[in-house]
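Taking it in order: structure first as structure tokens, then the write-up.
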Amino acid sequence: MANQKNNAEMPNAHLHELFVDELRDILGAEKQLLKGLKKLAGAAGSEKVREAFETHYSQTEGQIDRLKEVFSSIDLTARGKKCKAMEGLLEEADEIIESFSEQPEVLDAALISAAQKVEHYEIASYGCLVTYAKLMGHTDAEQLLAETLAEEKDTDALLSEIAMSEANVSATA
Numbered sequence: 009m010a011n012q013k014n015n016a017e018m019p020n021a022h023l024h025e026l027f028v029d030e031l032r033d034i035l036g037a038e039k040q041l042l043k044g045l046k047k048l049a050g051a052a053g054s055e056k057v058r059e060a061f062e063t064h065y066s067q068t069e070g071q072i073d074r075l076k077e078v079f080s081s082i083d084l085t086a087r088g089k090k091c092k093a094m095e096g097l098l099e100e101a102d103e104i105i106e107s108f109s110e111q112p113e114v115l116d117a118a119l120i121s122a123a124q125k126v127e128h129y130e131i132a133s134y135g136c137l138v139t140y141a142k143l144m145g146h147t148d149a150e151q152l153l154a155e156t157l158a159e160e161k162d163t164d165a166l167l168s169e170i171a172m173s174e175a176n177v178s179a180t181a
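Count along the sequence shown from 1, then add 8; that gives the number in our numbering.
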């Protein structure tokens, strides 16, 4: 690992290496998610569910831009990598769409479930990144990542509210 040699004299070198790897992972995940959100929005039956996915699509574009700012704040070029976790979550979402497309009363609840799994992955990822940035004194990165973490939590709360007020209720009818 060339980074270890280059970073050997840097304080927190191992944590920095982990931080950069996690940044690349979440950047790749966010880019993959853009495609997935289009599919989720297209499959949604409810206007509220569709709007939630479309809003998150716009937020995700902003989060990608914010991640690029984070990379810049630590003097690195923004470069993502394929996120296997997101790939798996999106494959599961595709399976859900396929499995429940003939059951519109359940489909939106299933789509929200799939989307919340994605949100929880993102919340965990950004939570760790905020902590790493804080520990290393990357204040700009910490602030940018905390902003995204708050958006992810808000999206999760919105999806829960839609599920409880509409989608899950329709699925029980």
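Ideal Cβ placement from N, Cα and C applies to all residues, glycine included.
Decide if L42 is buried, meaning its Cβ has at least 16 other Cβ atoms within 10 Å, or exposed. By the neighbour-count rule (16 or more Cβ atoms within 10 Å), L42 is not buried but exposed.
Sort G44, I82 and L157 by Cα distance to L98 and report the nearest one. Of G44, I82 and L157, the residue nearest in Cα terms is G44.
8 Å Cβ cutoff met for E155 and K142: The answer is no: Cβ separation not under 8 Å.
Rounded straight-line distance, which links the Cα of A21 to that of A165: Straight-line Cα distance between these residues: approximately 36 Å.
Hey, how far is the Cα of L84 from the Cα of A175? In this structure, the CA atom of L84 is about 43 Å from the CA atom of A175.
Find out if the Cβ-Cβ distance for the pair L35, G70 is shorter than 8 Å. Contact: no.
Assuming the contact rule is C-beta atoms closer than 8 Å, V57 and D116 should be a hit. Round their C-beta distance to whole Å, please. Going by Cβ atoms, the distance from V57 to D116 rounds to 5 Å, so yes, they are a contact pair.
Comparing alpha-carbon positions, which option in S81, E127 and E169 lies nearest F27? For F27, the closest alpha carbon among the candidates S81, E127 and E169 is that of S81.
Considering Cα atoms alone, identify which of E25, I105 and A123 is closest to A94. Reading off the sequence shown, one finds Met at residue 94, where the question assumed Ala. Taking only the C-alpha atoms, the option nearest M94 is A123.
Proximity below 8 Å, CB of T163 to CB of H64: Contact flag set, yes.
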